[in-house]
Every structure is written in structure tokens, then in C-alpha cells.
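Numbering (this note's numbering), first residue to last: 29 to 237.
Here a beta-carbon is modelled for each residue, glycine too, at the ideal position from N, C-alpha and C.
Take a look at the structure:
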């Protein structure tokens, strides 16, 4: 199946809403998306899924003396992530020293809980397209994007092998994510498709797909 053909056949659906957790509904937005294709029998098949959260850190700083306390309250994974990216209520990239001036915008955090592509549809740029479309739907201004680069698989048909883990981390590295801790990867949203498109549009330049 050719990459150009499958991308043109897919229908992408995205939605976002305030968190169901009322305690954080003014700070946290949940988003999810999927890519679907129809088979010869007109049956819908989901070939990719994505979901996550956008946390308004700028507003949270006004309500929380320590942003890590907020991270601890949201979920275990976001709590763990915070220990890799938060220091003195500011973001840092763990590859660098905490003592160095931080240049990464940290007005919000977009945390991707899940990005999974059906094994039969991998290596066709569908995962890249899902992230691209997410960046067009979710507000990415002054944002750090983070995820746990750990393969999400169908336990009945696929094994979580070291090769699959390596392949996944290589995929995210090509998209500009860098390691933070053993499993997490982070990216300055200014490198995301939608943000680059807006910046270039202001300069009168068109970004090719």
C-alpha cells in the first residue's frame, strides 16, 4: 500500500474537551483522535489512535505554589514526567543541566498518553500525520510536548520487543523529540508542524507537507 494512497483514503477525527476531573477542568483539556479507513465491505477500520492532555501551566502557577504538586495529583505518569522536566517551577530538558538558563517555553504541557498505529499500517507516515493534525487542533503556543516512548501493542498479536522499542524511539527522534529520562521524550512545540506553519506564514513562506 503506497503512502500517498493510504493518507488520502484516511479520515481523521479529533475532539477536545475540559477534563472530566472537575478539580482540574479549568486547567486540563483532554484530546483524542483517530484515523479510519473503509474496507471493501464498507466496514470502518480504525488504523491509528491518539489521546492525551493539555495542561495550562501558566494558570496553574497562580493556584499552585509547586507545579510538581499539581503533576502528582493528575496521574502517576505525569507525576513521574514532572520529576524530569520541572525544576523551581520552570521547565528544563534533562539532557542539559538544571543550572543552565531554560529557553524552552513552558506556558503549557501537551502530554500524549497514547499514539498507536495498527501493525499492518505502519511505516506509511500515519503516526506522523496524526501528530501533525493534533498540532493543528490543540493550542501549542509556548508549549512543551512530552510522551512516554513505550510501545503500545495488541497483546494477542504482537510482542513488546527491544527492537520495537528502539524503532519507536527512532521515530520520535526523527520528529525532533529528545530523551528525558529512560522512557520519556520531549519537544519544544515551536518545532511542531502547525507552529512552524504559522511562523512561516507570517514570513510569507509556504511549508510543504
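Secondary structure of residue i, DSSP reduced to three states
i: residue 197; result: helix
i: residue 33; result: helix
i: residue 209; result: coil
i: residue 171; result: strand
i: residue 153; result: coil
i: residue 41; result: strand
i: residue 125; result: Caution applies to residue 125, whose pLDDT of 47 falls short of 50 and renders its modelled position unreliable; the model cannot decide the point.
i: residue 94; result: coil
i: residue 116; result: coil
i: residue 100; result: helix
i: residue 217; result: helix
i: residue 203; result: coil
i: residue 84; result: strand
i: residue 146; result: coil
Proximity below 8 Å, CB of residue i to CB of residue j
i: residue 105; j: residue 64; result: no
i: residue 59; j: residue 79; result: yes
i: residue 174; j: residue 200; result: no
i: residue 171; j: residue 115; result: no
i: residue 196; j: residue 177; result: yes
Residue i to residue j span [Cα, whole Å]
i: residue 117; j: residue 87; result: 12 Å
i: residue 110; j: residue 99; result: 6 Å
i: residue 103; j: residue 189; result: 26 Å
i: residue 113; j: residue 62; result: 28 Å
i: residue 119; j: residue 134; result: 6 Å
i: residue 192; j: residue 164; result: 28 Å
i: residue 140; j: residue 81; result: 7 Å
i: residue 1; j: residue 47; result: Residue 1 lies beyond the stretch modelled for the chain, which goes from 29 to 237, so this question has no answer here.
i: residue 57; j: residue 168; result: 12 Å
i: residue 227; j: residue 69; result: In this predicted model, residue 227 has a pLDDT of only 48, less than 50, meaning its place in the structure is not dependable; the value taken from the coordinates is given anyway. Approximately 43 Å, taken between the alpha carbons.
i: residue 55; j: residue 44; result: 13 Å
**Q.** Every unbroken beta strand (DSSP E) inside the region 44-80 [3 residues or more]
**A.** Listed in chain order, they are 56-66.
Q. Is the region 92-107 close to the region 150-165, with three or more CB pairs under 8 Å?
A. Because the criterion of three Cβ pairs below 8 Å is not met, the region 92-107 and the region 150-165 do not touch.
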